[in-house]
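> In this note's numbering, the protein residues as written are 1298 to 2043.
Glycine is no exception: its CB is placed at the ideal position from the N, C-alpha and C atoms.
What you are looking at is a predicted structure, and each value in this text was computed from that prediction instead of being measured.
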């Protein structure tokens, strides 16, 4: 329904337009409102006015009441205009559009008329869908018609260089997205239906997170999606000049600035064009002549129903961003109607608190008081600077966005007090903190680096690891250097580490994990290891896979963390010999001989991790004869006796899927094989766990070995196995196998 204001007719001159009264001596009249639609086509109400009189004459009381009601309603929807045939509409702001839009999740129309899709809450999504479906086909057998859309949007991130996750404009045959997930799925799809041809959805994504599983080129791109978030065409966000140079200008989607998008589909050529440009709030923005991203795809094969729903979907992940749409227009078989820029609401602005100034002093020139005050201020500033002094070198400028100030970390952890201590990780303490500006919860790990040798390469690796984006990895946010300390800043996981759930006493109130949760965590960690071994731009060897380094998020997903010992090298390159580090019970026997960590040494540790989760036992435990019992030897011995399932954690009380448990135990033994060539890759491990590939037929005789003897034979001497507590024995050895130090696991 569309409202249009027309001038009223002067009494006795119904066809003559009368100017609006500027003072009491001129004709006073009220505007006439014409409503297009089935109801208004049958009846219209007109207010007549008389010269020199501010009071209108009422020929029919019912018509007067109807006209007054329509005037009231029309004033509330003046920014929402719909075509008479229902095939085009314009929202120049969304004031009064609640009747035209279906909202769910976090989506809401603010009093200012702006459409807010996400409100800064983590791991949620919002949808805004035009209630009336669009008639894409003129007849059931015809193809999808040409259409054009335009919208104005803005994204306000909590941090200048981090955001999540973006906005999708879509057309879909269904308006039900109850099963869709937030984060990288953008509130549009989920892990089960991703890529299915039955989704019947077309979309244009404005993505601010790089998801390797969707082949995203970066964390600031525009893509064309068909039934999947793996875009059929994608390009970094920006626009091309219309002059002769055609220069490309990059646009930052999370710049908190307003931008405009145009989406065109031409049915005959099946051409899809997407344009992006910054919005000029004063004069409007002309549509660029060259599209940002284009593709040819017959949408008749995607949107198979005669009608489809148009709308927006947006979601957040761990990082909480706000996503807004200010205006929207759409049309079939023609260009989208122009959006009235003058009527658009303003994008909210995040106003940061101004930092307090030290002192503002007005001092008399030449007096002793001035000199005393200056000296006092200088002394205070020097002391304060020394308190928060950092180590900064010129080469670190290239890593600027990933560096935190020591002052912020000191305040976040309340001076690294004992009450903020979470535990001990490999070679360092871990403190919980809340960043003073963003109020984001973080975990800060302090690592000692006594030597300058290799620090540049180490920082470069830290920054590279910080670019990892996977749902089963703990996000490394950045670092800081001070004196002989390196501080690593991680995303904070409130549920703590997995070993608390495996070994915590019932009196401590720790929730016991059932088998389904344990198997989900095993598969999640396997997926994370596959990503860093094969799917990231470089090969990353974690070197410390264990239960205490697996953190549990709010949905009880396992996330592999603590990359403090990780090493990187290019795909196809040979890993370098280095000091052997890690935790006893998870160390592959060949490490003492070769000193080379590889993906297969991580696979060995993952095998021990599987057995630890399934059996509820540590990889190395105290034996009855005061010796050391290796978990892998104990499980293998039970398998040889035909009692493999007796090794399952007794606290499960037999409540588990026997096939899944058997798969996990045998896979754990296979991954823990002493010969590296006999171990599977992480891609094979994931395929075994997901049921995409059967586990090879194994017998206890094929797996016969004594891990304790093999470890001692490879150079892990008896000193390691006489540690005071087997669960915390972490080895740091030279390549010849000589023990040079021990450190506690987290």
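Do residue 1770 and residue 1778 have their beta-carbon atoms positioned less than 9 Å apart in this structure?
No, they are not a contact pair.
> Residue 1842 to residue 1900, Cα distance in whole Å?
So the alpha carbons of these two residues sit roughly 9 Å apart.
> Can you find the residues in the same chain that come closer than 6 Å, C-beta to C-beta, to residue 1511, ignoring five residues on each side of it along the sequence?
Answer for residue 1511: 1526 and 1527, listed in chain order.
> Determine, using beta carbons only, whether residue 1412 and residue 1609 come nearer to each other than 9 Å.
Result yes, Cβ atoms of residue 1412 and residue 1609 sit closer than 9 Å.
> Three-state secondary structure (DSSP) at residue 1598?
It is helical.
> Identify whether residue 1797 lies in helix, strand or coil by the three-state DSSP scheme.
Correct three-state label for residue 1797: helix.
> For the beta strand (DSSP E) containing residue 1411, name the first residue and the last one.
Counting along the chain, residue 1411 falls outside any beta strand (DSSP E), and DSSP gives it neither H nor E.
> Here's a check: name, in chain order, each residue in its chain whose Cβ is nearer than 7 Å to the Cβ of residue 1585, leaving out the five neighbours to either side.
Result list for residue 1585: 1536, 1537, 1539, 1572 and 1574, in chain order.
> Using the Cα positions of residue 1860 and residue 1852, report the straight-line distance between them to the nearest angstrom.
Using only the alpha carbons, I get a separation of about 22 Å.
> What three-state label does DSSP hand residue 1880 in the structure shown?
The answer is strand: DSSP assigns residue 1880 an E or B state.
> Given a cut-off of 9 Å on the beta-carbon distance, is the pair residue 1623 and residue 1644 in contact?
Their beta carbons are under 9 Å apart, which means residue 1623 touches residue 1644 by this criterion.
> Is residue 1915 helix, strand or coil when you go by DSSP?
DSSP places residue 1915 in coil when its eight states are reduced to three.
> For residue 1742, collect the residues of the same chain with a Cβ closer than 6 Å to its Cβ; drop the 5 residues on either side in sequence, then sort them by chain order.
Hits under 6 Å: 1722, 1725, 1727 and 1785.
> In this structure, does DSSP put residue 1979 in helix, strand or coil?
Residue state, collapsed to three classes: helix.
> Give the DSSP-derived three-state secondary structure of residue 1987 in the structure shown.
Residue state, collapsed to three classes: helix.
> Check whether the Cβ atoms of residue 1919 and residue 1926 sit closer than 9 Å, and answer yes or no.
In this structure, residue 1926 lies closer than 9 Å to residue 1919 by Cβ.
> What are the uninterrupted segments assigned as beta strand (DSSP E) that are 3 or more residues long and contained completely in the region 1454-1521, given in chain order?
Entirely contained in the region 1454-1521, the beta strand (DSSP E) runs reaching 3 residues are, in chain order, 1463-1469 and 1498-1504.
> Tell me the rounded alpha-carbon separation between residue 1731 and residue 1714.
The alpha-carbon atoms of residue 1731 and residue 1714 are separated by roughly 13 Å.
> Using CA coordinates, which residue listed in 1986, 1482, 1733 and 1561 is at the minimum distance from residue 1768?
For residue 1768, the nearest C-alpha among the options comes from 1482.
> What is the residue span of the alpha helix (DSSP H) that residue 1840 lies within?
Residue 1840 -> no alpha helix (DSSP H), and no H or E assigned at all.
> If residue 1990 and residue 1823 are in contact, beta carbons under 8 Å, what's the gap, nearest whole angstrom?
The pair is not a contact, with the Cβ atoms about 13 Å apart (cut-off 8 Å).
> Measure the C-alpha to C-alpha separation of residue 1421 and residue 1618 and round it to an integer number of angstroms.
Distance between the alpha carbons of residue 1421 and residue 1618 is about 10 Å.
> Count Cβ pairs between the region 1627-1642 and the region 1450-1464 that sit closer than 8 Å; are there 3 or more?
No, they do not touch.
> What are the partner residues of residue 1451, as DSSP defines its beta bridges?
Answer by DSSP bridge pairing, in chain order: 1621.
> Cβ of residue 1880 within 9 Å of Cβ of residue 1887?
Result no, Cβ atoms of residue 1880 and residue 1887 do not sit closer than 9 Å.
> Is it right to say residue 1756 is buried, meaning 16 or more other beta carbons lie within 10 angstroms of its own, or is it exposed?
Classification for residue 1756: buried.
> Check each candidate in 1444, 1442, 1396 and 1439 and name the one with the smallest Cα separation from residue 1428.
The shortest C-alpha separation from residue 1428 is found at 1396.
> Starting from residue 1385 and walking both ways along the beta strand (DSSP E), at which residues does that stretch end?
Element bounds for residue 1385: 1385-1388.
> Going along the chain, which residues of its own chain have a beta-carbon closer than 6 Å to the beta-carbon of residue 1320, five neighbours each way excluded?
Here the model assigns residue 1320 a pLDDT of 37, short of 50, so the residue's position is not dependable, and the following value carries that caveat. Here the set comprises nothing.
> Could you have a look at residue 1993 and say whether DSSP puts it in helix, strand or coil?
Reduced to three states, the DSSP call for residue 1993 is coil.
> Quick one: Cα of residue 2014 to Cα of residue 1461, how far?
Note that residue 2014 has pLDDT 46, beneath the 50 cutoff, so the model's placement of it is unreliable and the number below is only indicative. One C-alpha to the other measures close to 49 Å.
> Pull up the distance between the alpha-carbon of residue 1947 and that of residue 1908, whole angstroms please.
Cα to Cα, the separation comes out at about 14 Å.
> Please identify the residue among 1845, 1564, 1707 and 1583 whose C-alpha is closest to the C-alpha of residue 1434.
Taking only the C-alpha atoms, the option nearest residue 1434 is 1564.
> Taking the C-alpha atoms as reference points, what is the distance between residue 1495 and residue 1914?
The alpha-carbon atoms of residue 1495 and residue 1914 are separated by roughly 45 Å.
> Going by other Cβ atoms of all chains shown within 10 Å of its Cβ, with 16 needed for buried, is residue 1408 buried or exposed?
Result: exposed.
> Going by the DSSP bridge assignment, what does residue 1606 pair with across the sheet?
DSSP output for residue 1606 lists 1469 as bridge partner(s).
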